[in-house]
Amino acid sequence: MRFHPLTIAFRIYQLVKSNFFFAILLFVFNRESEFWLVKYGRYVFLLYILLRLIYIITAWFVEKYEWKDRVFHIHKGIFVKQSSTIPFSRIQNVTRKTTVFHKVFGLTSLTFETAMDGVEDAIHYEVITKKHAQDLIDLVKAKQDSHTSNESQYENELQAQPEEEDSISETDRTIHFTPERKDLWKASFTSLSFLAIIPIGAGLLDYAEPLIEDIDRFEGMFQLLLSSSWLIGILIAFLVIVAVTFGVARTFIRYGKYEISSDDTHIYIDRGVLNESYFAIEKNKIQGLEMEQTFLKRLFGLAEVKLISSAKPNIEDGSLNVNSLYPFLPVEKAYQLIEELLPIYQINSRLERLPRIALWLRLLRPSWFFVIATIVLFFIKPDFLHITWWVWSLILLCIILLNRVLDYIHTRYVVTDDQIQWWHGGLTSRMFITKRKNVVEMSYSQSRLQSHFNVASVSTINRSTPIHVEIIQDIPLGFAMGIIEWYFKRREDVEIENRSR
Amino acid sequence: MKEIKLENSLSPMFPKMRRVSELIGNIIGLIVIGIFFWLQHYFEWPMWVYWILVGLVILSVIGIIWSIFEPTYLYRSWSYQYDDEYLQLSYGIFNREWVTVPMTKIQSVTTSQGPIMRRYHVRSIKVETVGSSHVIPALEENVALALREKIAELAKLKEVDE
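In order, the protein sequences belong to chains A and B.
If you use the numbering used here, the first sequence corresponds to residues 31 to 531, in order.
If you use the numbering used here, the second sequence corresponds to residues 3 to 164, in order.
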């Protein structure tokens, strides 16, 4: 099957969008310029656009997809034919995005992400009708469910639901979270999104400069403003209002419409006001959970919950992290959400603290970052804000020490049946929780200093892209040994596939 | 500290082999430094280059002395163990490491042998997992090959849910 014909339009739209600024630069601002780079640049630019257009149109005729027996086949490539096969079982999560472009035509886009180690490891439909997208999602999901329930019935009895139920799963989803107005207000301040106006404003000013004919007169006006104190006051108040309004609007647009729901097998996230997106991940594929609190979020009692999965994070969409459940959850709500979404994870509130000696170890440990930074400061001797270099070095030392003390206070850990959970981190603290079977490697280490005080470090590695490494430092030796012992019982949780190769 | 001693140790040839290879490396290093001394003299490079080179010479001399003792300590610190489920490695003179890798999570295993290793009839084994790789630096040839076979066979098994 070919992709939707509007794919061509969408790609042209993107081409225009990404080259618009460049075109303006070449043909409007520098239209009089005889500089050789600009002069020939125009021809090169036109040629490039022409080639891209030809490529986009021919590519549509060449690119095809089909599915047969739980496997997708994708064909592409104009000069070098390329076809890839992707089994449904390898699909880790599903993302559907509806940008403004898609909205105009009543269409959407769809991406199936996989955890295969290849370059071309996602199936991406840039433009697709809503109905077809839903059909594909159902198709992949139904097959996935039957696949898992056939092979791992005993492993996860919760999942052994009759298949018919899954095909109409849209209806039996339960909604766990939608943000309230109160949360959004808090979110707009903790995310510091009002600061985002600074780069945008600076960019605009840069952009506008060539348009303002008499720059001197503009600067004269600025001088006038600065000379009167109440004018400055009004200006600052005005700027603050603009910045805050902008930040709040940005947060409301990004996180305003947000819905986290789940059924027996999957977790769904629907979000976005202007650009809508839909994200689904199979619960089985989740390798662990992470809860992150930056300093500001801790003040407001908020936290971000992230799912650790082996699918590659979607890079095109830099702004929104697909693995994040919601970046501004009230802490209580976050715990509750984890328990509802993934009942196999039990969050403990009773965690062990580190021994007092760990604090001294943290303070004593040399900080190479500090040493190098101080050497660099010594040689450069910057005169920033009229403060000498060694004061900067001291300030840095204080921040590092504060971070370490906070890390000592925050570090807590607990190991229960088949699950490990720990908090750590200084200014930004993080909780990590995973199942024994999802830990792919465990190591224990002890430095001379640590061995002197009978403590050790333990680290775990989880599958993710890139791999997820967690280290907990300076826990008592006995406990570290206990964790390793615990890991040796991993066999109890895993099932070996009887695959005759 | 509680020493973690696993069942197997490296080939007893390891210290000798390592000393030889370190020595060769150090000699090459000194030759390179010597060339720079000559260049400094010939092209009349500034004096600080000279002092940096002197510093490097001192460091390499310390390195050479250390490389006489280090292999023995390293050899004593190394041990490994494997069964049907896990490969365990324990090593490190100052910082002790003890790594546990489930066999099913191993993605590839490679043995390799350089010219010096061939002289002492040892091979190294490199094990790669999803996110990391570990090297056992020297095993007797037959031991290395047997271990490789064993790991390769066990690593073929896959866990449900992958």
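Just so it is clear, CB atoms sit at the ideal spot from N, CA and C, and this is done for glycine as well.
Model, not experiment: these values are computed from the prediction.
DSSP bridge partner residues for residue i (one or two, in chain order)
{"i": "F300 of chain A", "result": "Before going on, a small fix: residue 300 of chain A reads as Asp here, not Phe. BP columns for D300 of chain A point to A:E289, A:Y308."}
{"i": "H454 of chain A", "result": "A:R460"}
{"i": "L337 of chain A", "result": "A:L319"}
{"i": "P117 of chain A", "result": "A:V101"}
{"i": "T131 of chain B", "result": "B:I108"}
{"i": "T492 of chain A", "result": "The identity of residue 492 of chain A in the sequence shown is Asn, whereas the question assumes Thr. Beta-bridge pairing links N492 of chain A to A:V469, A:H498."}
{"i": "K7 of chain B", "result": "Per DSSP, none; premise fails for K7 of chain B."}
Burial state of residue i, where buried means 16 or more other Cβ atoms lie within 10 Å
{"i": "N378 of chain A", "result": "exposed"}
{"i": "E515 of chain A", "result": "exposed"}
{"i": "Y85 of chain A", "result": "exposed"}
{"i": "L188 of chain A", "result": "In this predicted model, L188 of chain A has a pLDDT of only 38, less than 50, meaning its place in the structure is not dependable enough to derive any value."}
{"i": "A217 of chain A", "result": "buried"}
{"i": "K465 of chain A", "result": "buried"}
{"i": "Y93 of chain B", "result": "buried"}
{"i": "M19 of chain B", "result": "buried"}
{"i": "V110 of chain A", "result": "exposed"}
{"i": "I264 of chain A", "result": "exposed"}
{"i": "Q112 of chain A", "result": "exposed"}
{"i": "R61 of chain A", "result": "exposed"}
{"i": "Y285 of chain A", "result": "buried"}
{"i": "G456 of chain A", "result": "buried"}
{"i": "W390 of chain A", "result": "exposed"}
{"i": "E195 of chain A", "result": "Its pLDDT being 38, under 50, E195 of chain A is placed unreliably in this model, and the value from its coordinates should be taken loosely. E195 of chain A comes out exposed."}
{"i": "F143 of chain A", "result": "Checking the sequence shown, residue 143 of chain A turns out to be Glu, not Phe. Looking at its Cβ environment, which holds 16 or more other Cβ atoms inside 10 Å, E143 of chain A is buried."}
{"i": "P209 of chain A", "result": "buried"}
{"i": "E151 of chain B", "result": "exposed"}
{"i": "E96 of chain A", "result": "exposed"}
{"i": "Y73 of chain A", "result": "exposed"}
{"i": "M49 of chain B", "result": "exposed"}
{"i": "K519 of chain A", "result": "exposed"}
{"i": "S63 of chain A", "result": "exposed"}
{"i": "N144 of chain B", "result": "exposed"}
Cβ neighbours of residue i in the same chain (closer than 6 angstroms, five flanking residues each side left out)
{"i": "T441 of chain A", "result": "L384, H454"}
{"i": "F16 of chain B", "result": "Y77, A140"}
{"i": "F50 of chain A", "result": "none"}
{"i": "Q42 of chain B", "result": "V51, Y52"}
{"i": "E161 of chain B", "result": "T106"}
{"i": "N484 of chain A", "result": "L507"}
{"i": "I299 of chain A", "result": "I290, F309"}
Proximal residues to residue i (C-beta, below 8 angstroms), its chain only, five neighbours per side dropped
{"i": "T446 of chain A", "result": "Q376, N378"}
{"i": "S126 of chain B", "result": "T113, S114, Q115, M119, V137, I138, P139, A140, L141, A146"}
{"i": "Y365 of chain A", "result": "I377"}
{"i": "Y75 of chain B", "result": "I95"}
{"i": "N180 of chain A", "result": "Because N180 of chain A sits at a pLDDT of 43, beneath the cut-off of 50, its placement in the model cannot be relied upon, and the following sentence gives the value as read from the coordinates. No residues qualify anywhere along the chain."}
{"i": "L381 of chain A", "result": "R442, Y443, V444, Q451, W452, W453"}
{"i": "D523 of chain A", "result": "D448, K465, R466, K467"}
Proximal chain E residues relative to residue i, where beta-carbon distance stays under 7 angstroms
{"i": "R520 of chain A", "result": "Protein chains A and B are contained in the structure displayed, whereas chain E is not."}
Member of the options whose CA lies at the smallest distance from the CA of residue i
{"i": "G133 of chain B", "options": "B:Q109, B:I127, B:F45, B:I37", "result": "B:Q109"}
{"i": "L58 of chain B", "options": "B:L32, B:Q42, B:E143", "result": "B:L32"}
{"i": "N97 of chain B", "options": "A:S473, A:V101, A:Q112, A:S259", "result": "A:S473"}
{"i": "R450 of chain A", "options": "A:T324, A:L319, A:R203, A:A163", "result": "At residue 450 of chain A the sequence reads Ile, which differs from the Arg that was named. Of the listed residues, the one whose Cα sits closest to I450 of chain A is A:L319."}
{"i": "L332 of chain A", "options": "A:Y356, A:A310, A:I374", "result": "A:Y356"}
{"i": "V171 of chain A", "options": "A:R120, A:W215, A:E382", "result": "The sequence given here has Lys at residue 171 of chain A, not Val. Ranking A:R120, A:W215, A:E382 by Cα distance to K171 of chain A puts A:R120 first."}
{"i": "D293 of chain A", "options": "A:H206, A:S339, A:I338, A:V270", "result": "A:H206"}
{"i": "M461 of chain A", "options": "A:A267, A:R434, A:Q323", "result": "A:Q323"}
{"i": "I153 of chain B", "options": "B:E161, B:P117, B:L89", "result": "B:L89"}
{"i": "V111 of chain B", "options": "B:E99, B:E130, B:V34, B:P117", "result": "B:E130"}
{"i": "D99 of chain A", "options": "A:F118, A:A89, A:F91, A:S114", "result": "A:F118"}
{"i": "V470 of chain A", "options": "B:F39, B:Y82, B:W80, B:S135", "result": "B:S135"}
{"i": "G107 of chain A", "options": "A:V101, A:S114, A:V92, A:T115", "result": "A:V92"}
{"i": "D202 of chain A", "options": "A:I283, A:H296, A:S259, A:Q164", "result": "A:H296"}
{"i": "E525 of chain A", "options": "B:Y82, B:I6, B:E87, B:L61", "result": "B:E87"}
Same chain, Cβ closer than 7 angstroms to residue i, neighbours up to 5 away in sequence not counted
{"i": "V278 of chain A", "result": "S218"}
{"i": "S197 of chain A", "result": "Any reading at S197 of chain A must be qualified, since the residue scores a pLDDT of 41, below 50, and its modelled position is unreliable; the value itself is stated next. Once the five neighbours on either side are set aside, the close Cβ partners of S197 of chain A are D168, A172."}
{"i": "F135 of chain A", "result": "L36"}
{"i": "Y288 of chain A", "result": "T208, P209, R301, Y356"}
- Message: Check whether the segment 147-159 of chain B and the segment 99-111 of chain B touch, using three or more Cβ-Cβ pairs below 8 angstroms as the test.
- Response: Three or more Cβ pairs closer than 8 angstroms define a contact, and the segment 147-159 of chain B meets that threshold against the segment 99-111 of chain B.
- Item | Touch test, the segment 34-42 of chain A against the segment 154-162 of chain A, Cβ-Cβ under 8 angstroms, three pairs minimum | Of all C-beta pairs linking the segment 34-42 of chain A to the segment 154-162 of chain A, three or more are shorter than 8 angstroms, placing the two stretches in contact.
- Message: Assess contact between the segment 63-75 of chain B and the segment 13-32 of chain B, defined as three or more Cβ pairs (one per stretch) separated by less than 8 angstroms. Is contact present?
- Response: Yes, the segment 63-75 of chain B is in contact with the segment 13-32 of chain B.
- Query: Does the count of Cβ pairs from the segment 419-434 of chain A and the segment 384-404 of chain A closer than 8 angstroms reach three?
  - Reply: Judged by Cβ distances under 8 angstroms, the segment 419-434 of chain A makes contact with the segment 384-404 of chain A, as three or more pairs qualify.
- Touch check for the segment 321-340 of chain A and the segment 301-308 of chain A: three-plus C-beta pairs under 8 angstroms? Verdict: no, contact absent.
- Assess, as a yes-or-no matter, whether the segment 117-125 of chain B is touched by the segment 506-525 of chain A under the definition of 3 or more beta carbon pairs within less than 8 angstroms. With the cut-off at 8 angstroms, the segment 506-525 of chain A and the segment 117-125 of chain B do not touch.
- Message: Does the structure place the segment 409-427 of chain A close enough to the segment 478-492 of chain A that three or more beta carbon pairs sit under 8 angstroms?
- Response: Cβ pair count under 8 angstroms is below three, so no.
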